[in-house]
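Asker:
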């Protein structure tokens, strides 16, 4: 008879170890149809439709959400609602993923029969190879048959963890095959902290008249006024349309004696630190901190200033 854990910590550790062992087993015995299922999703022109009931339904929702946010448009259909009209959401170009640990969930049969009728391919996920779902699926993603991690071995825990992980493996494999990039990810995640970190400098920079720009021959008295009025703690020196130097608050302080006897060109720091519009804001912040400056000018490929981004702009956004 299996010895049950005696403390809360023992129980928690038993669950985690059981689920970890199940994931190891799954990784070492990936379903033989896995690669073919990935290839089919890539080849199909429609969306991925994911269905499941109960805990499998919750996993299906998460799977659809992960696929959608990583370049494989997907949505969840509840099998019960499917039987009352939502089958009309499934089109012939779609791929359907149906999840049932037993493979015999009655509510799934309506979706399964519909897919068979219209030759819509089905990827079945189950731990029972001879089940109705697996026998009728185009591709079968078979889960290892392992005990549930709950103390009475009945509540779905290990099986749902494996299914969740298998869905992530599908999404990651599709990302890799599609060449899905951080830029692509940012397009789908404009909100929250994730969205902020994935923003580009071009989205937050100040441009046009907001840029503090000077000609090389500008008297330093005028240069100081420009630095003060624009509020960036710096000014760019432009010659022939190109950024050839910058003057910072620090440059002004270091040259305070006889400052107004000079022009911008005499005081400026040559070869200024710059950035470009496509650089992630997190990298721009790192560059600002690395060089101990308060702002970066944004230049184009020709070296012309097209904007400026300030440390405070990035910190206000929550860039890290």
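Numbering (the working numbering), first residue to last: 500 to 819.
Beta carbons are placed, not taken as given, at the ideal position from N, Cα and C, and that holds for glycine.
This structure is a prediction, so every number in the text was calculated from the model and none was measured.
Nearest by alpha-carbon distance to residue 602: which of 561, 566, 551, 572 is it?
Answerer: Out of 561, 566, 551, 572, 551 has the C-alpha closest to the C-alpha of residue 602.
Asker: Based on Cα-Cα distance, which residue from 592, 562, 817, 775 lies nearest to residue 693?
Answerer: 817
Asker: Is residue 569 helix, strand or coil when you go by DSSP?
Answerer: coil
Asker: Does residue 647 pass the burial test, meaning 16 or more other C-beta atoms within 10 Å, or should it be called exposed?
Answerer: buried
Asker: My assumption, with CB atoms under 8 Å, is that residue 559 sits in contact with residue 589. Please give the rounded CB distance.
Answerer: Their Cβ separation, rounded to whole angstroms, is 14 Å, which puts residue 559 and residue 589 out of contact at 8 Å.
Asker: Count Cβ pairs between the segment 663-674 and the segment 566-579 that sit closer than 8 Å; are there 3 or more?
Answerer: yes
Asker: Less than 8 Å between the beta carbons of residue 596 and residue 549, yes or no?
Answerer: yes
Asker: For residue 685, which three-state DSSP category applies?
Answerer: In the structure shown, the three-state DSSP call for residue 685 is helix.
Asker: Using C-beta distances below 6 Å, list every residue in its chain close to residue 518, excluding the 5 sequence neighbours before and after it, in chain order.
Answerer: 648, 657, 660
Asker: Can you name the residues that DSSP bridges to residue 774?
Answerer: 797
Asker: Would DSSP call residue 701 helix, strand or coil?
Answerer: helix
Asker: Which of the three DSSP states, helix, strand or coil, is assigned to residue 583?
Answerer: coil
Asker: With a 10 Å radius around its C-beta and 16 neighbouring C-beta atoms as the bar for buried, classify residue 634 as buried or exposed.
Answerer: exposed
Asker: Excluding sequence positions up to five away, which residues of its chain have a Cβ less than 6 Å from the Cβ of residue 639?
Answerer: 532, 623, 633
Asker: Would you report the Cα separation of residue 769 and residue 675, rounded to the nearest angstrom?
Answerer: Each residue's alpha carbon lies about 43 Å from the other.
Asker: Would you mind working out which of 680, 722, 699 sits nearest residue 462, comparing C-alpha positions?
Answerer: Outside the displayed range of the chain (500 to 819) lies residue 462, so it cannot be described from this structure.
Asker: So which of 776, 811, 802 has the shortest CA-CA distance to residue 788?
Answerer: 811
Asker: Is residue 738 helix, strand or coil by DSSP?
Answerer: strand
Asker: For residue 772 and residue 712, what's the separation of their Cα atoms in angstroms?
Answerer: 15 Å
Asker: Under 8 Å: do the segment 775-784 and the segment 737-744 share three or more Cβ pairs, one atom per stretch?
Answerer: no
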